[in-house]
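Taking the numbering used here, the leading residue of the sequence shown gets 388, the next gets one more, and so forth.
One structure is given here, and the rest of the page talks about it.
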Amino acid sequence: MSIFIDRETRLVVQGITGRDGSFHTRQMIEYGTKVVAV
């Protein structure tokens with residue numbers, strides 16, 4: 388199975404309520420990742 392990622396890729400995050408999940412999600416958003424749902 389292949390996963391194709393480009394500039395238009397949107398991301399759904401599961402498990403954001405924990406300390407590690409919120410930390411890494413914040414890092415991804417600061418980097419420019421398009422997070423569309425949590």
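Every residue, glycine too, gets a C-beta built ideally from N, C-alpha and C.
Query: Tell me, which residues are paired with V399 by DSSP?; Result: A424
Query: Would you grab the beta carbon distance between I403 and V423 for me? Rounded to a whole angstrom, and I think it's under 8 angstroms.; Result: About 12 angstroms; that fails the 8 angstroms criterion.
Query: Taking just the CA atoms, how far does S409 sit from R394?; Result: 22 angstroms
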